[in-house]
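Peer 1: Please see the structure below; I have some questions.
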Amino acid sequence: MTTAVAPRARGGPWPAFAARRLARFAVSLWALLTAAFLMIHLVPGDPVRAALGMTAPADLVAAKRAALGLDDPLWVQYGHYLRGLVTGDLGTSMVGGQPVAQVIGDRLPATLQLAVLAFAVVVVVAVPAGVGFAVLTRGGRRRGAELGFTSVSVFLAAIPEFLIAVGLVALLAVGLGWFPVAGGDDASAYVLPVAALAVGPSAVLARMIRVELLAVLGADFVRTARAKRLPARLVYVRHALPNALTATLTLGGLMLTGLVAGTVLVENVFAWPGLGSTIVQSILTKDYPLVQGIVLVYGVGVLLVNLLVDVVLGLLDPRSTIRES
């Protein structure tokens, strides 16, 4: 008598994994779009009156409300809003009169430059620091170095990017005059804002890499590699480090989205012409369509990075539950 064996899911675990992640992305995207749409309607009072000022003529306010479609039923406005998103129409700025998509297209590259450069600096600084201190302090050795590394990294991670930016401006720009205080077209203009964004995440990621690598260095396969008298470089880089990257990659993805969000305050310190300074100005001027469009860009960016991290984790660790159907 034979026992029936359940057949494996056709196509392996990847179709189920992709379906789950895409479904989660779709639901999250719908929630983001709906929340951004309701932003204008949840503002107390009349958003058009708030944007134009209390002294604006009533006919001007009425004309602006009609132009924005705010007099239509809510479900009609929602349909127009979704249709506009599909066609790339994010509305028109109340203050500048420009299409929101054009404003975002002009300012987004400057923000991405800061975020990508800061992320590259974080990786270049944090990975060698984390690996180096893991090797130095493994097995409970060099307690002083461990205490110093932990204390400094906790201290740096606790300081907000805004305060780091102000401190760098006061010390290196105003005090020593090494870098421009704000703006600038040359490479030196990037140094202070990128450093302000990268200091905290570098400390956090270095600590994470050290902790994960210490756990991996005590595993059996690492001891086997040492018993084979492999060079230390191969043991640490080829065998230990890749196995410590799962949690680190998850944190790295979150940091990348955090770096984009962190540009909001840092850009205002350095008068950087990106989305961060634009959204602050649009909030102050109550330019709600522009605020709505920038919030959508930030939110979609976070969702896309999280989706990418999930896919990369599935590729790096095929045995994990992330790929189980």
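Just so we're aligned, residue 0 is where the sequence shown starts under numbering that gives the first Met the number 0, counting upward by one.
Glycine is no exception: its CB is placed at the ideal position from the N, C-alpha and C atoms.
Helix, strand or coil: how does DSSP classify Pro14 here?
Peer 2: Indexing the sequence shown from 1 puts residue 14 at position 15. Three-state DSSP puts Pro14 in a helix.
Peer 1: Output the boundary residues of the alpha helix (DSSP H) element that contains Gln76.
Peer 2: Taking the sequence shown and counting its residues from 1, the one referred to as residue 76 is at position 77. Where Gln76 is concerned, the enclosing alpha helix (DSSP H) stretches over Leu73 to Thr86.
Peer 1: So for Pro56, helix, strand or coil by DSSP?
Peer 2: Counting from 1 along the sequence shown, the entry for residue 56 is found at position 57. Pro56: coil per DSSP, three-state reduction.
Peer 1: With Phe132 as the anchor, note down where its alpha helix (DSSP H) starts and where it stops.
Peer 2: Indexing the sequence shown from 1 puts residue 132 at position 133. Its alpha helix (DSSP H) spans residues Val99 to Thr136.
Peer 1: Quick one: is Trp271 buried, meaning 16 or more other Cβ sit within 10 Å of its Cβ, or exposed?
Peer 2: Counted from its first residue, the sequence shown places residue 271 at position 272. Around the CB of Trp271, 16 or more other CB atoms lie within 10 Å, so the residue is classed as buried.
Peer 1: Within this structure, are the beta carbons of Val268 and Ala202 separated by less than 7 Å?
Peer 2: Translated into the one-based positions of the sequence shown, residue 268 becomes position 269. Translated into the one-based positions of the sequence shown, residue 202 becomes position 203. Contact: no.
Peer 1: Note down the Cα distance separating Gly298 from Ala157, rounded to an integer number of angstroms.
Peer 2: Indexing the sequence shown from 1 puts residue 298 at position 299. Indexing the sequence shown from 1 puts residue 157 at position 158. Using only the alpha carbons, I get a separation of about 24 Å.
Peer 1: Leaving aside the five residues before and after Gly251 along the sequence, list all residues of the same chain whose C-beta is less than 7 Å from its C-beta, in chain order.
Peer 2: The residue given as residue 251 occupies position 252 in the sequence shown. Correct list, in chain order: Leu204.
Peer 1: Within its chain, find whatever has a CB closer than 6 Å to the CB of Arg106; leave out the 5 residues flanking it on each side and keep chain order.
Peer 2: Here residue 106 refers to the residue found at position 107 of the sequence shown. So the list reads Gly273, Leu274 and Thr277, once near-sequence residues are dropped.
Peer 1: Given 8 Å as the limit, is there contact between the stretch 286-293 and the stretch 97-113, that is, 3 or more CB pairs closer than that?
Peer 2: yes
Peer 1: Quick one: is Val85 buried, meaning 16 or more other Cβ sit within 10 Å of its Cβ, or exposed?
Peer 2: Locating residue 85 in the sequence shown gives position 86, where the first residue counts as 1. Exposed, by the Cβ-count rule.
Peer 1: Short of 7 Å in beta carbon distance, which residues of its chain neighbour Val121, apart from the five on each side in sequence? Order them along the chain.
Peer 2: Numbered from its first residue, the sequence shown carries residue 121 at position 122. For Val121, where only same-chain residues beyond five positions count, the Cβ hits under 7 Å are Ala197, Pro200, Ser201, Leu204 and Met254.
Peer 1: DSSP on Thr277, reduced to helix/strand/coil?
Peer 2: Here the question's residue 277 lines up with position 278 in the sequence shown. Thr277 falls in the helix class under three-state DSSP.
Peer 1: For the alpha helix (DSSP H) containing Arg206, name the first residue and the last one.
Peer 2: As a first step, residue 206 must be located in the sequence shown, where it is residue number 207. Per DSSP, Arg206 belongs to the alpha helix (DSSP H) from Ser187 to Leu216.
Peer 1: Do you know offhand how far Glu211's Cα is from Asp88's?
Peer 2: Position 212 of the sequence shown, counted from the start, is the residue given in the question as residue 211. Position 89 of the sequence shown, counted from the start, is the residue given in the question as residue 88. The alpha-carbon atoms of Glu211 and Asp88 are separated by roughly 45 Å.
Peer 1: Rounded to the nearest angstrom, what separates Tyr77 and Gly83 at their Cα positions?
Peer 2: One-based indexing of the sequence shown puts residue 77 at position 78. One-based indexing of the sequence shown puts residue 83 at position 84. Cα to Cα, Tyr77 sits roughly 10 Å from Gly83.
Peer 1: Grab the span of the alpha helix (DSSP H) containing Ile158 for me, first residue to last.
Peer 2: Residue mapping note: residue 158 aligns to position 159 of the sequence shown, counting from 1. Segment: none, Ile158 is in no alpha helix (DSSP H) and carries neither H nor E.
Peer 1: From the DSSP secondary-structure annotation, give me the bridge partner or partners of Thr91.
Peer 2: As a working mapping, residue 91 is identified with position 92 in the sequence shown. The partner list for Thr91 (beta bridge, DSSP) reads Pro98.
Peer 1: For Leu312, is the classification buried or exposed, using 16 other Cβ atoms within 10 angstroms of its Cβ as the cut-off for buried?
Peer 2: Translated into positions along the sequence shown, residue 312 becomes position 313. Answer is buried; the Cβ neighbour count reaches 16.
Peer 1: What do you get for Arg140, buried or exposed, if any count of 16 or more other CB atoms within 10 angstroms of its CB means buried?
Peer 2: Position 141 of the sequence shown, counted from the start, is the residue given in the question as residue 140. Classification of Arg140: exposed, given that the 10 Å Cβ count is below 16.
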